[in-house]
Every structure is written in C-alpha cells, then in structure tokens.
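Numbering-wise (the numbering used here), the sequence shown opens with residue 44 and increments by one. For every residue, glycine included, the Cβ atom is placed at its ideal position computed from N, Cα and C. Since the structure is predicted, the reported quantities are computational estimates derived from the model, not experimental observations.
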Amino acid sequence: MRSVVSYVKRGGRMTVGQQRAWNELWPSLGRTVGELPEGPVDFDDWFGRRAPVMVEIGSGMGETTSQLAAAAPELNYVAVEVYDPGLGQLMLRAEKLGVENLRLMHGDAVVLLTSHVEPGTLSGVRLFFPDPWPKKRHHKRRIVQPEFVALVASRLAPGGTFHMATDWENYAEQMMEVCSAEPLLRNRHAGEPGGWAPRPEWRPITKFENRADVEGRISHDLIFERV
Ligand SMILES: C[S@@+](CC[C@H](N)C(=O)[O-])C[C@H]1O[C@@H](n2cnc3c(N)ncnc32)[C@H](O)[C@@H]1O
Numbered sequence: 044m045r046s047v048v049s050y051v052k053r054g055g056r057m058t059v060g061q062q063r064a065w066n067e068l069w070p071s072l073g074r075t076v077g078e079l080p081e082g083p084v085d086f087d088d089w090f091g092r093r094a095p096v097m098v099e100i101g102s103g104m105g106e107t108t109s110q111l112a113a114a115a116p117e118l119n120y121v122a123v124e125v126y127d128p129g130l131g132q133l134m135l136r137a138e139k140l141g142v143e144n145l146r147l148m149h150g151d152a153v154v155l156l157t158s159h160v161e162p163g164t165l166s167g168v169r170l171f172f173p174d175p176w177p178k179k180r181h182h183k184r185r186i187v188q189p190e191f192v193a194l195v196a197s198r199l200a201p202g203g204t205f206h207m208a209t210d211w212e213n214y215a216e217q218m219m220e221v222c223s224a225e226p227l228l229r230n231r232h233a234g235e236p237g238g239w240a241p242r243p244e245w246r247p248i249t250k251f252e253n254r255a256d257v258e259g260r261i262s263h264d265l266i267f268e269r270v
C-alpha cells in the first residue's frame, strides 16, 4: 500500500442491482488490480480483439464512462475505480446500453499503470473530476502530481492523449502547471486562452459539473498529448 493515496476507502452500501451486477457480470467484465498476475495485462486477449486501449481513472458511478464507451466502439475501454458500488453501477449502466467494449478494474490506478500497463501502449488516459482534496493540508493527496503525470505520460503511445477535467480552479491550475512541466507531454490547446481545451461536446455532463455550475464554478478541460 502506498503511504499517500488519492482516495478514501468509502464503505457505501451496495444496492440489490449493484450486488447482482457484481455476482453476474463481474466475472466476465472485471478484474481486481491486487490479484493480477505479475506483469502487463494482455488487453487484446481480455477484450478478445486488438484495438486502441483507453483507460479512464476514477469512473465514479459510471455516468460518463458508460456513455463514452458506448460512443466509441472502436476503443477497448478500461475503467479503473476503487469504489465497489460505483463499479456495480457502471456494470448496470453498461448492461442497459449493451456496451461490449468496456472492462473494469477494481483498485488503485497508480498500481495498475505502474505494474500492469506496458510503457508506450495506451491510446489515451482520461481523468474526469478527480477528488479535489480542497484543504491545503490535503493537497498532497491530489492524484495529479509530477510523479503521477510522468507515469501517465510514460504509458501513453506517441500521440496518445491525457484528458483531464476539474471544476476546482486551483486544481485546474495545478494540472496545467504539472503537465506543462512534463517533457513527454505537450498541450494540444497551447494556442487557446490559458491553454484550456474547449469543453468537448461529447463529454457528458456529470453531477459534479452540474453542481459546479450551480455554485458558480467553472469547469476546465485540459488535453495533453504524448510527444
Ligand atoms: C470525484 S469522483 C469523480 C467520478 C467521475 N469521474 C465523475 O466525473 O463523475 C473521483 C473518483 O475517483 C476515484 N479514485 C480516486 N483515486 C483513485 C485511484 N488512485 N484509483 C482509482 N480510482 C480512484 C474515487 O473513488 C472517486 O470515485
């Protein structure tokens, strides 16, 4: 276990539906990071086909993830999340939408990327509304730190993208600063005001973004590319 992690282990009760998803769907759709055999996961084998791999870190309750996987059947879409009920909910949503190109990983994304993803292989990494850890003394728990960004960059294939979104202004600034300083990344939207990416229409609005909007905070998207 790493000493500082970006998440809290939330208890959270499972609904009947989420529990059913775990019982019936998890064996074919999911794997547990801590139980993976040593070395990189063979995604082609797991998905039963060769396709670009997209990893979404912290899929939460899966609203965005299920829709984005459904909208991109050409991708092998991997969601990694520590929160069991959220993964259950994501399986239910995927089942409802008939999504076939989605697999789930239960556990810490940092461990997954470090020990089980081959360098230079991912077509993209998405990180939408990561836990903001707003108190200054908790900032060290924010997942976007130089070491994490270097890890993500190293796992991307050349031209692969790292797409982040947050509704916390000073976290957005931290993301911009850290990613801009990473030599393996370049900002795809360096020419736009502030270097922010325009909000992509294809990214569904989540409750975090809605709440931010109601509370008068602006969400920022950042899209960096592996050089
Ligand atoms: C604020 S939620 C956002 C969820 C979702 N992306 C959305 O936009 O609705 C952040 C999620 O990231 C997960 N998380 C935080 N650190 C993680 C890590 N190291 N590995 C996997 N998931 C993580 C948390 O459990 C939480 O569900």
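DSSP three-state label for residue i, please.
i      : result
Glu225 : coil
Phe172 : coil
Met134 : helix
Asp127 : helix
His281 : The structure shown does not extend to residue 281, since the chain spans only 44 to 270, so no value can be given for it.
Leu147 : strand
Ser71  : helix
Does ligand 1 have even one heavy atom less than 7 Å from the beta-carbon of residue i?
i      : result
Thr310 : The question about residue 310 has no answer, for the chain in this structure spans 44 to 270.
Gly91  : no
Ser49  : yes
Met104 : yes
Pro173 : yes
Gly238 : no
Glu124 : yes
Taking the alpha helix (DSSP H) that residue i belongs to, which residues open and close that run?
i      : result
Val96  : Taken as a continuous stretch (DSSP letters only), Val96 belongs to no alpha helix (DSSP H), being part of the beta strand (DSSP E) at Val96 to Ile100.
Gly60  : Val59 to Glu67
Val123 : Where Val123 is concerned, there is no enclosing alpha helix (DSSP H), although the beta strand (DSSP E) it sits in stretches over Asn119 to Glu124.
Thr107 : Glu106 to Ala114
In the DSSP assignment, find the beta strand (DSSP E) that holds residue i and state where it starts and stops.
i      : result
Asp264 : His263 to Arg269
task: Count the C-beta pairs between the region 110 to 121 and the region 92 to 100 that are closer than 8 Å, then say yes if the count reaches three, no if not.
output: Contact annotation: the region 110 to 121 touches the region 92 to 100, with at least three C-beta pairs closer than 8 Å.
message: So within the region 234 to 260, which uninterrupted alpha helix (DSSP H) runs reach at least 4 residues, ignoring any that extend past its ends?
response: 250 to 257
- prompt: With a cut-off of 8 Å, do at least 3 Cβ pairs link the region 134 to 150 to the region 176 to 187?
  reply: no
query: Is it a yes or a no for the region 206 to 219 touching the region 254 to 263, going by three-plus beta-carbon pairs under 8 Å?
result: yes
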